[in-house]
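Protein chains in written order, with my numbering: chain Y, 1386 to 1711; chain B, 1386 to 1711. Don't be surprised by glycine CBs; every beta carbon is placed ideally from N, CA and C.
Number of protein chains: 2
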Amino acid sequence: MAKIKDVAAAAGVSPSTVSRVLCNGPVSDKVRKRVEAAMARLDYRPNLAARRLRSQHTDTIGLIVSDIRNPFFTAVSRAVEDEAYRNGMRVILCNTDENPDKEAMYLRLMQEERVTGVIFAPTRQAVAGIDQQALGFPVVMIDRINADAATDAVVLDNRRAAAQLVGHLLQQGYRHIGGLFGNTSNTGTERHAGFSEALQQASLAAPARFVAPSVEAAEQAVLQWLAEPARPQALLVSNGVLLLGAVRALKSAGLRWPQDVALVGFDNEVWTDLLGDGLTVVEQPVNEIGRTAMTMLLERLNEPERSQRIVVLQGRLVVRGSSLPQ
Amino acid sequence: MAKIKDVAAAAGVSPSTVSRVLCNGPVSDKVRKRVEAAMARLDYRPNLAARRLRSQHTDTIGLIVSDIRNPFFTAVSRAVEDEAYRNGMRVILCNTDENPDKEAMYLRLMQEERVTGVIFAPTRQAVAGIDQQALGFPVVMIDRINADAATDAVVLDNRRAAAQLVGHLLQQGYRHIGGLFGNTSNTGTERHAGFSEALQQASLAAPARFVAPSVEAAEQAVLQWLAEPARPQALLVSNGVLLLGAVRALKSAGLRWPQDVALVGFDNEVWTDLLGDGLTVVEQPVNEIGRTAMTMLLERLNEPERSQRIVVLQGRLVVRGSSLPQ
DNA sequence: ACAAAAAGTGGTATCGATTTCAATTGCAGC
DNA sequence: GCTGCAATTGAAATCGATACCACTTTTTGT
């Protein structure tokens, strides 16, 4: 494969000049044309590894999520990638499966890649331990943060969204409301807090259960819960994955919603409006989350010293049949 | 950030020796320990750009799909990435949105990255023009190929799968069967072929329509089709995205399945068994597709001269309520 | 005990680009 | 026609690792 020296020779100029053509440096039009012709003739492709080594910027960011198969992360990552490529940056995607060991391993990989920055949806264990200074690159957290995170972040207003769902259920006449949350992320914790507060304010009990963030775990938990004598009239489910599990559970138990139990949740996945009269959910602004995270990362790179910034986005309550009054 | 020279100095050895520790070269245990201690002390991270430049292997592959939000590609890409990381390789993911310009651009990028190889789901335009010789790396096509593709490939037996669906519908008593296919990929073409052959064999007409591969286009087309007087009794839909569109169309037209129209399709997405008595579909072995593609790429890299190989995987017919006899 | 082979280590060139600095060219002003 | 300044261009150093070769030390076989 042709290298810069070959192009230079073919065009009768020095490698420096070819490099300047590549990087839009000061080159006369005549020479530029000649060099570009030579590049085309030789089918030249600049070697990005060499370029990155010499120039010391990789134009690459890392995107670390728990599982790209979770439609929330799929959508966010697509938005991140679009925005990244639009700014001439490459993305390295990593799936941690909520496994702290993998998180650590991928953070290390990001250092070896000398990425410019990282967008990260950390587990509860990881969120506290992030030290941008030690890492050597800025981090923008998404989806999950805790109070004393020291990085930029883009998150949903989880408390409010959960409270909104509870408020809606109360308004519809439900009083006995249960909540199902993921046990690995701060998102679950936050949503639980909003859930509890809202019910407490109404002087109602707030029975909650926490499960591993998988369809199966949720299905299991809901099946069991609804078989108990004091089963809730309504169920609030903390994310799309768990919601799917809950739906499966209701279906296999032969329960209908909202007649047997009302069902509301998070994440407006494609199937939520196809089931019966639809599921009431809070929709997350997935594109905006991804785009904003990428934008914030770029801003932080331009202005390393600016103060920490947390963007809180609002969800959108989508009311459908699953929360109609019983 | 510490470099190899710093580690060498700290450990009192030469850079060569540090490099050998890094690459599991021949080093005495005593020295290895000392070097590893120095690495830990300095928090050393090898610079991958430098390593790639010098060693001339990037341990990186490209994965080019049309849209990661299509659950089929999400699942495949997750499988590819797992298999890649398991083999110490990195993955660069690109979304082409079925746009040939983007395809060309990303192939160019792959050359600049000097990737070891590429796994690629090309559009119909691109599939013919792939020349591994010119690209400089081997390509494994997935999902979509045409007869004279000159690369390794992993595909579903699309003809047979479509024929299987048709056979099932015939067995259930349906005679007037319509097919809806995507118009950008060879997958659509192949599935259409299987569909046509199967119906022709039964001496039946094979009315087919082709649409852009989007939910909206499918919804539109199905709405229109079912409003016509000679509407089909059963609909075969060529992939999960179009199937979602079809379901939306039926729902908004107030039609039930299979009573008003039977519905069968491809891709066993999470929601297909949640709707009424479920949708009858052919499930693609998504994990196997991804894993196999990655494996084939690795094999090809080990043995560049071996003959072209196309792995054809079988789908699994999942019969559900949407194809019950009317 | 000695020769031969193997193992371990260091020095230096090199991967392919960009960067820095110095040299050259072109052009305006006088 | 000459001087001075800006615009181009080239030469050489450099990014941080690995590869290759040469050299020393240890091990093995007889």
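Would the beta-carbon of Ala1647 (chain B) fall within 8 Å of that of Leu1608 (chain B)?
The residue labelled residue 1647 (chain B) in the question sits at position 262 within the second sequence. The residue labelled residue 1608 (chain B) in the question sits at position 223 within the second sequence. Not closer than 8 Å, so no.
Around the Cβ of Asn1543 (chain B), are there at least 16 other Cβ atoms within 10 angstroms (buried) or fewer (exposed)?
Taking the second sequence and counting its residues from 1, one reaches residue 1543 (chain B) at position 158. Buried.
On the three-state DSSP scale, how would you describe Asn1455 (chain Y)?
As a first step, residue 1455 (chain Y) must be located in the first sequence, where it is residue number 70. Of the three classes helix, strand and coil, the one that applies to Asn1455 (chain Y) here is coil, per DSSP.
Buried/exposed call for Asn1409 (chain Y), threshold 16 Cβ in 10 Å
Here residue 1409 (chain Y) refers to the residue found at position 24 of the first sequence. Burial state of Asn1409 (chain Y) is exposed, judged by a 10 Å Cβ sphere holding fewer than 16 other Cβ atoms.
Report yes or no: is there a C-beta of chain B within less than 8 Å of the C-beta of Arg1426 (chain Y)?
Within the first sequence, the letter at position 41 stands for residue 1426 (chain Y). Output row for Arg1426 (chain Y): interface = no.
Suppose contacts are defined by Cβ-Cβ distances below 8 Å. Is Arg1463 (chain B) in contact with Ile1453 (chain Y) by that definition?
Working through the second sequence from its first residue, we reach residue 1463 (chain B) at position 78. Working through the first sequence from its first residue, we reach residue 1453 (chain Y) at position 68. Yes, the Cβ-Cβ distance between Arg1463 (chain B) and Ile1453 (chain Y) is below 8 Å.
Tell me the DSSP bridge mates of Cys1479 (chain B)?
In the second sequence, residue 1479 (chain B) corresponds to position 94, counting from 1. Per DSSP, B:Ile1449.
Below 7 Å between beta carbons is the criterion; list the residues of the segment 1644 to 1662 of chain Y that meet it against any residue of chain B, in chain order.
Val1655, Trp1656, Leu1659, Leu1660
I need the straight-line Cα distance from Glu1466 (chain Y) to Phe1457 (chain Y), nearest angstrom please.
Here residue 1466 (chain Y) corresponds to residue number 81 of the first sequence, with the count starting at 1. Here residue 1457 (chain Y) corresponds to residue number 72 of the first sequence, with the count starting at 1. In a straight line, the C-alpha of Glu1466 (chain Y) is about 14 Å away from that of Phe1457 (chain Y).
Show which residues of chain B have a CB atom less than 7 Å away from the CB atom of Ile1477 (chain Y).
By one-based count along the first sequence, residue 1477 (chain Y) stands at place 92. Simply Arg1475.
Counting contacts by CB-CB distance shorter than 8 Å, is Val1465 (chain Y) in contact with chain B?
Numbered from 1 along the first sequence, position 80 holds the residue referred to as residue 1465 (chain Y). For Val1465 (chain Y), the answer is no, since every Cβ of chain B falls outside 8 Å of its Cβ.
Should Gly1663 (chain Y) and Gly1630 (chain Y) be called a contact, given that it needs their Cβ atoms to be closer than 8 Å?
Here residue 1663 (chain Y) corresponds to residue number 278 of the first sequence, with the count starting at 1. Here residue 1630 (chain Y) corresponds to residue number 245 of the first sequence, with the count starting at 1. Contact: no.
So, Glu1481 (chain Y) versus Tyr1470 (chain Y), is the Cβ gap smaller than 8 Å?
Along the first sequence, read from residue 1 onward, the residue named residue 1481 (chain Y) stands at position 96. Along the first sequence, read from residue 1 onward, the residue named residue 1470 (chain Y) stands at position 85. Checking the sequence shown, residue 1481 (chain Y) turns out to be Thr, not Glu. No. Outside cutoff.
Mind checking who Gly1650 (chain B) pairs with in its DSSP beta bridge?
Numbered from 1 along the second sequence, position 265 holds the residue referred to as residue 1650 (chain B). Its beta-bridge partners are B:Val1622, B:Val1666.
Beta carbon of Arg1417 (chain Y): closer than 7 Å to some heavy atom of the ligand GDP?
Summarising the ligand content, the structure contains no ligands, and the ligand GDP is consequently not present.
Alpha-carbon to alpha-carbon, Cys1479 (chain B) and Pro1592 (chain B)
Start at 1 with the first residue of the second sequence, and residue 1592 (chain B) comes out as number 207. Start at 1 with the first residue of the second sequence, and residue 1479 (chain B) comes out as number 94. Cα to Cα, Pro1592 (chain B) sits roughly 35 Å from Cys1479 (chain B).
Return no unless some Cβ of chain B is closer than 8 Å to the Cβ of Ser1623 (chain Y).
Position 238 of the first sequence, counted from the first residue, corresponds to residue 1623 (chain Y). Chain B contact via Cβ: absent.
Would you identify the three-state DSSP class for Gly1521 (chain B), choosing helix, strand or coil?
Counting from 1 along the second sequence, the entry for residue 1521 (chain B) is found at position 136. Here Gly1521 (chain B) sits in coil by DSSP.
From the DSSP output, in three-state form, read off Val1703 (chain Y) for me.
Translated into the one-based positions of the first sequence, residue 1703 (chain Y) becomes position 318. Strand at Val1703 (chain Y).
Output needed for Leu1787 (chain Y): all residues of its chain with C-beta closer than 6 Å, excluding positions within five of it in sequence on either side, in chain order.
Examination of residue 1787 (chain Y) is not possible in this model, given that chain Y is present from 1386 through 1711 alone.
Considering Cα atoms alone, identify which of B:Leu1438, B:Gly1473, B:Ile1477 is closest to Thr1714 (chain Y).
Residue 1714 (chain Y) lies beyond the range of chain Y shown here (1386 to 1711); nothing can be said about it.
Using DSSP's beta-bridge definition, name the partner residues of Met1526 (chain Y).
Here residue 1526 (chain Y) refers to the residue found at position 141 when the first sequence is read from its first residue. Per DSSP, Y:Phe1505, Y:Ala1538.
Is Ala1590 (chain B) helix, strand or coil by DSSP?
By one-based count along the second sequence, residue 1590 (chain B) stands at place 205. Reduced to three states, the DSSP call for Ala1590 (chain B) is coil.
Can you tell me which residues form a DSSP beta bridge with Val1697 (chain B)?
To locate residue 1697 (chain B), count along the second sequence from 1; it is residue 312. Looking at the DSSP assignment, Val1697 (chain B) forms a beta bridge with B:Val1540.
Helix, strand or coil for Gly1579 (chain B) per DSSP?
Stepping through the second sequence from its first residue, residue 1579 (chain B) is reached at position 194. Correct three-state label for Gly1579 (chain B): helix.
Have a look at the DSSP bridge pairing and note the partners of Leu1565 (chain B).
Taking the second sequence and counting its residues from 1, the one referred to as residue 1565 (chain B) is at position 180. Beta-bridge pairing links Leu1565 (chain B) to B:Arg1594, B:Val1622.
Would you grab the beta carbon distance between Phe1505 (chain Y) and Met1526 (chain Y) for me? Rounded to a whole angstrom, and I think it's under 8 Å.
If you number the first sequence from 1, residue 1505 (chain Y) lands on position 120. If you number the first sequence from 1, residue 1526 (chain Y) lands on position 141. Rounded, the Cβ-Cβ distance is 6 Å, consistent with contact.
If contacts are defined as beta-carbon pairs under 8 Å, then Val1461 (chain Y) and Tyr1429 (chain Y) qualify, I think. What distance do you get, rounded to the angstrom?
Walking along the first sequence from the start, residue 1461 (chain Y) turns up at place 76. Walking along the first sequence from the start, residue 1429 (chain Y) turns up at place 44. So it is not a contact: roughly 36 Å between Cβ atoms.
Straight-line CA distance for Glu1575 (chain Y) to Phe1651 (chain Y)?
Position 190 of the first sequence, counted from the first residue, corresponds to residue 1575 (chain Y). Position 266 of the first sequence, counted from the first residue, corresponds to residue 1651 (chain Y). Cα-Cα distance, rounded: 13 Å.
Could you have a look at Arg1639 (chain Y) and say whether DSSP puts it in helix, strand or coil?
What you label residue 1639 (chain Y) is simply residue 254 of the first sequence in a count that begins at 1. Checking the sequence, you will find Gly at residue 1639 (chain Y) rather than Arg. Coil.
Ile1389 (chain Y), enclosing alpha helix (DSSP H) - first and last residue
To locate residue 1389 (chain Y), count along the first sequence from 1; it is residue 4. Run containing Ile1389 (chain Y): 1389 to 1396, per the alpha helix (DSSP H) assignment.
Which of the three DSSP states is assigned to Ala1532 (chain Y) in this structure?
As a position in the first sequence, residue 1532 (chain Y) is number 147, starting the count at 1. Here Ala1532 (chain Y) sits in coil by DSSP.
Three-state secondary structure (DSSP) of Tyr1491 (chain Y)
Within the first sequence, the letter at position 106 stands for residue 1491 (chain Y). Looking at Tyr1491 (chain Y) - three-state DSSP - the assignment turns out to be helix.
Cβ of Ala1434 (chain Y) less than 8 Å from any chain B Cβ?
On the first sequence, position 49 is the one that residue 1434 (chain Y) refers to. With 8 Å as the cut-off, Ala1434 (chain Y) counts as an interface residue toward chain B.
Given 8 Å as the limit, is there contact between the segment 1661 to 1679 of chain B and the segment 1539 to 1553 of chain B, that is, 3 or more CB pairs closer than that?
yes
Anything in the segment 1516 to 1530 of chain Y with a Cβ closer than 7 Å to a Cβ of chain B? List those residues in chain order, please.
Gly1521
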